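Chains as they are written, first to last, in the working numbering: chain A, 40 to 481; chain B, 841 to 1226. Every residue gets a Cβ at the ideal spot worked out from N, C-alpha and C, and that includes glycine. These numbers were taken from a predicted model, which means no experiment stands behind them. Structure first, commentary second.
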């Protein structure tokens, strides 16, 4: 077991932490939803029609280009609606639960890969390059499991797992059969997972130390032509449980917190539940418009209270949309409430690790990149982030490849996007770059 | 502001002033725009605050410049004056230059922004204050205006505005003046204001007065050179307004470094390069040498002329400088070396800091290219090893 110390990055001490680690049960959710956009790279083709009955673990749709990749229903019930947007793009698949508890029983003697594909666990894996759901014919060089989430206010994954930690052993055993390389597990110094059978490394340092991309880059970076898989420890435990019991377990513990939550808590629920069932009466009543985020403040998705818990997240954050409206000459402000990683505001007097209440304001207009080294100091990888971003904007494929686009995912740039003085949408730029790159290469 | 907004939007009566309105609005009120995609929270620091921080860092130089202009003036006309009188004279002398610099530069930026339907960029906030600080005080205002216009249009706008320029805009202004009107830019009469400012001050120059800068003296009249390193450090000597006082510059440097806006790597390595080259020149100076400046010891070298100002405020411009960490060391060091090299061994130019920075501006992309190429090669090698 190796200790890898990361220095670059930054931890934001956001207000609204959970003080009580007790897990409470969520109120019942009227509907559940699967959002296809959560499974990047999978183009949905429906298998069920509206009004049809589905059991938990039964496929809702499969990938248009790769029929074996299936997304399954988290609950037993009726397919209520397929919400479509522009050009009939499927935005969400909504299921009304019937509480009959019908669930598909899987045959655990099946070939592990076939079972992963059949059970709908496959789309919860990610592959580098391109940060997409792996294609069904891929065989990864190595598999990386992240055992902690370093994003602001992120839940303790050990707590989310609870008793299911015991299935990790099985998961590692199953995953080992799918790669010629190794299965790695990246732990934080405070939360260790031992005896899992995986090659365990400990990562110390600020966010983004918990990001899969950062861990891969610091263990064995992805080279051109190579494929690695990444997943978090919760998905790993689900895999283990599936192979032990033959049942898919979609239940999860979710951290509901942030400056906009009056009573932050860990809540037990099922994947795809409504945010209403989690946030019911928990929001701060401060007269400010809340921004509800399914996920963390860096990579999460903005949702209304009618929205749903997105599949990749065990986290719902609520911040205020705007804390202070029409701020007069904000650029000259001496207010210690203006939070910055630079010492250009008086907030540095309070210390940069003080608990802060940040809103969704952009705090400035979009500009050309001016300050140098801003992105690099937020990305603990051997990559010239700024040059890579410029290559992506210019869509210079050769340069992108040379500068290491295969190693990155949008989430790796989230912290840089937060810190960016020029307010560029780095994650969107990287996502588009990866998509174009993939279209070009395939 | 919201009430008059419709007039400025497309189709409104004043839509031609859209950018100006937008500029004023964002100047007065921090926009309420919230993040649409990507991260939900953003750092409070934006380009406005960044630029204002640099301006704040320049304030000590500006204040000292005003005082020194008055000090030199009253010294030249042999009159006793109080601190207040000196400062007032300097203020009156500097104000027109600052106004001209901002009006011309910002005017062009506003027009440029409107043509491209873009937001007004903040870059000129800093350039506009740098120009009065590096242009000799006796430069006719129309020359400053022409030079500023030239620099903003040809060194910045044609490249795409703030963040896209290759050469430092303020230095292009200075270089334009230097090469277009050489007689006004050097010699004994350029750096000390002798006539009155708005009717204030003025008088007959005392006998035996020379307004030459110390470096000018070194180049042409070395026998008379009497400026001590301490004088140069404090800065009550003739020179371009903002460049004389090492103390004021160091205060500015402290602000830039503390806030994290400027790169300490660049700053440090410029001084290192200057000291190194100064030491080399000093070591090779023989009593017969024609290069007078070689006789100066390295410490005096970096205290004199525009060297320190260039190191702190010009070389650290992130847009025109090297952007990689290793590149910044190389870039800064070479600026220091070239500045002293030009100063000592080129008889034509008593000061080399400006030219050294401009020269290295041109080479910064090459330095970065080489540094990034090392990373690219390492990645390629790693892939091959598989």
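Closest Cα partner of residue i within the set the options
i	options	result
residue 1028 of chain B	B:936, B:1211, B:1059 and B:1160	B:1059
residue 1006 of chain B	B:1165, B:900, B:1158 and B:887	B:1158
residue 984 of chain B	B:953, B:908 and B:938	B:938
residue 966 of chain B	B:1101, B:1117, B:1111 and B:1087	B:1101
residue 64 of chain A	A:416, A:397 and A:295	A:295
residue 121 of chain A	A:100, A:435, A:58 and A:44	A:100
residue 315 of chain A	A:49, A:366, A:475 and A:346	A:346
residue 370 of chain A	B:862, B:867, B:1213 and B:858	B:867
residue 97 of chain A	A:141, A:367 and A:393	A:141
residue 195 of chain A	A:415, A:259 and A:352	A:352
residue 216 of chain A	A:74, A:182 and A:232	A:182
residue 247 of chain A	A:172, A:402, A:59 and A:450	A:450
residue 414 of chain A	A:89, A:403 and A:427	A:427
residue 179 of chain A	A:148, A:163, A:222 and A:189	A:222
residue 1002 of chain B	B:1049, B:979, B:948 and B:1051	B:948
residue 260 of chain A	A:322, A:241, A:168 and A:219	A:168
Range covered by the alpha helix (DSSP H) that runs through residue i
i	result
residue 119 of chain A	It is not in any alpha helix (DSSP H) - residue 119 of chain A instead sits in the beta strand (DSSP E) that spans 116–123.
residue 479 of chain A	465–480
residue 925 of chain B	923–955
residue 350 of chain A	It is not in any alpha helix (DSSP H) - residue 350 of chain A carries neither H nor E in the DSSP assignment.
residue 1213 of chain B	1193–1225
residue 254 of chain A	251–258
residue 136 of chain A	Element bounds for residue 136 of chain A: not the alpha helix (DSSP H) but the beta strand (DSSP E), 129–136.
residue 208 of chain A	207–215
Beta-carbon separation (whole angstroms), residue i vs residue j, contact threshold 8 Å
i	j	result
residue 442 of chain A	residue 458 of chain A	Their Cβ separation, rounded to whole angstroms, is 20 Å, which puts residue 442 of chain A and residue 458 of chain A out of contact at 8 Å.
residue 275 of chain A	residue 165 of chain A	About 13 Å; that fails the 8 Å criterion.
residue 897 of chain B	residue 1161 of chain B	Actually they are not in contact, since the Cβ atoms of residue 897 of chain B and residue 1161 of chain B sit about 16 Å apart, beyond 8 Å.
residue 1115 of chain B	residue 1054 of chain B	With a Cβ gap of about 18 Å, residue 1115 of chain B and residue 1054 of chain B do not count as contacting.
residue 145 of chain A	residue 281 of chain A	6 Å
residue 193 of chain A	residue 335 of chain A	6 Å
residue 1134 of chain B	residue 1124 of chain B	7 Å
residue 172 of chain A	residue 273 of chain A	In fact, because the Cβ distance is near 17 Å, the residues do not count as touching under 8 Å.
residue 308 of chain A	residue 317 of chain A	6 Å
Residue i: CB within 7 Å of a non-hydrogen atom of the ligand FMN
i	result
residue 893 of chain B	With respect to the ligand FMN, the structure offers nothing, as it holds no ligand at all.
Beta-carbon proximity list for residue i, same chain, < 7 Å, skipping 5 on both sides
i	result
residue 1016 of chain B	987, 990 and 991
residue 907 of chain B	926, 927 and 930
residue 410 of chain A	460
residue 909 of chain B	929, 930, 933, 934, 977, 1033 and 1081
residue 123 of chain A	129 and 130
residue 209 of chain A	279, 282 and 283
residue 1138 of chain B	1115, 1118, 1119 and 1122
residue 1099 of chain B	893
residue 377 of chain A	384 and 386
Residue range of the unbroken beta strand (DSSP E) whose run includes residue i
i	result
residue 271 of chain A	267–271
residue 64 of chain A	62–64
residue 183 of chain A	182–185
residue 439 of chain A	Unbroken run through residue 439 of chain A is the alpha helix (DSSP H), 436–442; no beta strand (DSSP E).
residue 232 of chain A	Careful: residue 232 of chain A lies outside any beta strand (DSSP E) and carries neither H nor E.
residue 338 of chain A	That residue, residue 338 of chain A, is in no beta strand (DSSP E); it is neither H nor E in DSSP.
residue 888 of chain B	Here residue 888 of chain B belongs to no beta strand (DSSP E); instead the alpha helix (DSSP H) covers 887–916.
residue 82 of chain A	Residue 82 of chain A -> no beta strand (DSSP E), and no H or E assigned at all.
residue 101 of chain A	98–102
residue 307 of chain A	304–309
residue 126 of chain A	Unbroken run through residue 126 of chain A: none, as it is neither H nor E.
residue 43 of chain A	41–44
residue 226 of chain A	222–226
Cut-off 6 Å between Cβ atoms - residues of its own chain near residue i, not counting five sequence neighbours on either side
i	result
residue 1195 of chain B	1182
residue 1177 of chain B	1113 and 1117
residue 1014 of chain B	974 and 1194
residue 135 of chain A	70, 116, 117 and 119
residue 359 of chain A	299, 327 and 398
Cut-off 8 Å between Cβ atoms - residues of its own chain near residue i, not counting five sequence neighbours on either side
i	result
residue 1038 of chain B	932
residue 981 of chain B	936, 937 and 940
residue 1189 of chain B	1182, 1183 and 1195
Just checking, does the segment 1071–1086 of chain B make contact with the segment 1167–1181 of chain B on the three C-beta pairs under 8 Å criterion?
-> No, they do not touch.
Report yes or no: do the segment 277–289 of chain A and the segment 143–163 of chain A share at least 3 C-beta pairs separated by less than 8 Å?
-> Contact holds: three or more Cβ-Cβ distances are below 8 Å.
Quick one: any contact between the segment 414–426 of chain A and the segment 467–475 of chain A, if contact means 3 or more CB pairs under 8 Å?
-> Segments in contact, no.
Is the number of C-beta pairs between the segment 938–957 of chain B and the segment 1065–1072 of chain B that are closer than 8 Å three or more?
-> Judged by Cβ distances under 8 Å, the segment 938–957 of chain B makes no contact with the segment 1065–1072 of chain B, as fewer than three pairs qualify.
So, do the segment 915–924 of chain B and the segment 431–441 of chain A have three or more beta carbon pairs nearer to each other than 8 Å?
-> They do not touch, by the three-pair rule.
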